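A.B. asks: The following block contains the structure, expressed as structure tokens.
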Amino acid sequence: MLLNNYIKEESFGYLNELTIILMLTKIKLLYPNILLIELLERFFLTYLTWNLSIPIQNNNSIIVHSPTNPEELLNNNINKLTTKIIKKAMFEGLKAVHDIKNEKDQQIIINPKILFNPKKFSEMYKYFILITCYATNPLNKQNYCEFIEDNILLQLIEFIENNLKIKSFHIGKKIKYFFNYCSTWIIGIEPSIIDNNIQNNILIKINFTKFIELLKQKNLYKVENYEIKLIYGEFILIN
Numbered sequence: 001m002l003l004n005n006y007i008k009e010e011s012f013g014y015l016n017e018l019t020i021i022l023m024l025t026k027i028k029l030l031y032p033n034i035l036l037i038e039l040l041e042r043f044f045l046t047y048l049t050w051n052l053s054i055p056i057q058n059n060n061s062i063i064v065h066s067p068t069n070p071e072e073l074l075n076n077n078i079n080k081l082t083t084k085i086i087k088k089a090m091f092e093g094l095k096a097v098h099d100i101k102n103e104k105d106q107q108i109i110i111n112p113k114i115l116f117n118p119k120k121f122s123e124m125y126k127y128f129i130l131i132t133c134y135a136t137n138p139l140n141k142q143n144y145c146e147f148i149e150d151n152i153l154l155q156l157i158e159f160i161e162n163n164l165k166i167k168s169f170h171i172g173k174k175i176k177y178f179f180n181y182c183s184t185w186i187i188g189i190e191p192s193i194i195d196n197n198i199q200n201n202i203l204i205k206i207n208f209t210k211f212i213e214l215l216k217q218k219n220l221y222k223v224e225n226y227e228i229k230l231i232y233g234e235f236i237l238i239n
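Take the sequence shown: its letter number 183 is residue 183 in UniProt numbering, and every next letter is one higher.
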């Protein structure tokens with residue numbers, strides 16, 4: 001729940017496990033004799049209030065350097081947008097810690113393991129985009145769908161910056177289908193206008209359809225027997 005809110009996918013601009021371990025190790029070295037709940041609280045407070053002039057962060061994006069090679073960045077894909085998502089998860093984690101310390105969350109007090117359970121992605125956003133890429137053979141899947149995965153983050157950032165109807169997005173889950181060479185990415189959407197305006201929803205769907213066409217146009221491999229489709233809407237996922 002605290003560190004597993006779909007912010008551990010490095011290729012999509014989030015933290016990886018090594019980066020989180022290093023960040024936790026720093027806090028443990030600073031506060032060696034504190035309890036686990038206090039360690040978590042210090043972790044969130046430290047990185048939510050970190051001085052931007054210190055190298056761990058740069059230009060409002062979280063930057064973590066390798067302890068053995070300071071010139072090496074461990075999280076090259078983190079950007080301003082994904083930093084906001086990471087900080088949002090940290091705020092939620094800090095709130096959960098305070099609820100425990102103030103004995104407001106009896107369920108977690110009885111069963112502390114709940115702290116480390118992943119949150120359902122379907123509970124984090126109201127609107128979702130499903131981008132599905134499928135091919136007829138493994139080679140086409142590798143050439144096209146893996147290309148889409150490698151480029152979807154940068155293309156989405158470029159798209160969001162030019163789309164006033166979208167406030168932010170969160171690439172949360174990837175679903176693999178091994179038998180028909182299909183991959184699906186589930187993206188949480190936060191519109192700029194939070195309402196149920198039908199016209200606004202239609203505009204968002206139209207704009208994301210344009211985004212799909214942009215992905216197709218920028219495919220460098222020009223393979224055949226593939227397709228990429230989009231589903232946009234308000235729905236509930238199993239997980």
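C-beta atoms are modelled at their ideal positions from N, C-alpha and C, and glycine is treated no differently. Remember, it's a predicted structure, so these values are computed and weren't measured experimentally.
Express the C-alpha separation of L18 and F44 in angstroms, rounding to a whole number.
C.D. replies: 17 angstroms
A.B. asks: In angstroms, rounded to a whole number, what distance separates the CA positions of T83 and Y14?
C.D. replies: 8 angstroms
A.B. asks: Can L154 and F169 be called in contact, C-beta distance under 8 angstroms?
C.D. replies: no
A.B. asks: Can you grab the Cα-Cα spacing for the pair K174 / I186, in whole Å?
C.D. replies: 6 angstroms
A.B. asks: Roughly how many whole angstroms lie between the Cα atoms of F128 and I206?
C.D. replies: About 14 angstroms.
A.B. asks: Give the range of the alpha helix (DSSP H) segment to which Y125 is assigned.
C.D. replies: Here Y125 belongs to no alpha helix (DSSP H), and DSSP marks it neither H nor E.
A.B. asks: Near F97, what residues of its chain come up, given a Cβ to Cβ distance below 8 angstroms and the 5 sequence neighbours on each side ignored?
C.D. replies: Residue 97 is actually Val in this sequence, not Phe. Excluding residues within five positions, the ones whose Cβ falls inside 8 angstroms are L2, I37, L40, E41 and F44.
A.B. asks: Using alpha carbons as the reference points, say which of I85, I27 and T49 lies closest to E190.
C.D. replies: I85
A.B. asks: Measuring CB to CB, does C133 end up less than 8 angstroms from Y125?
C.D. replies: Against a cut-off of 8 angstroms, the Cβ pair of Y125 and C133 comes out as no contact.
A.B. asks: Name the DSSP bridge partner or partners of residue 242?
C.D. replies: Residue 242 is absent from the model: the chain starts at 1 and stops at 239.
A.B. asks: Return the Cβ separation of G172 and F121 in integer angstroms, given the expectation that the two are a contact with Cβ distance under 8 angstroms.
C.D. replies: 4 angstroms
A.B. asks: Cβ atoms of L48 and F91: under 8 angstroms apart, would you say?
C.D. replies: yes
A.B. asks: Over the uninterrupted alpha helix (DSSP H) stretch that includes K26, give me the two end residues.
C.D. replies: E17 to L30
A.B. asks: On the criterion of 16 or more Cβ atoms from any shown chain inside 10 Å, does I21 qualify as buried, or is it exposed?
C.D. replies: exposed
A.B. asks: Using the Cα positions of L81 and K87, report the straight-line distance between them to the nearest angstrom.
C.D. replies: Spanning the two alpha carbons is a distance of roughly 10 angstroms.
A.B. asks: Please list, in chain order, all residues of the same chain as L94 whose beta carbon is under 8 angstroms from its beta carbon, the five residues on each side excluded.
C.D. replies: Answer for L94: E41, F44, L45 and L48, listed in chain order.
A.B. asks: Out of curiosity, what's the CA-to-CA distance linking I131 and T184?
C.D. replies: 6 angstroms
A.B. asks: Do you know whose CA, among K26, I34 and P32, lies nearest W50's CA?
C.D. replies: K26
A.B. asks: Rounded to a whole number of angstroms, what is the C-alpha to C-alpha distance between A89 and E123?
C.D. replies: 13 angstroms
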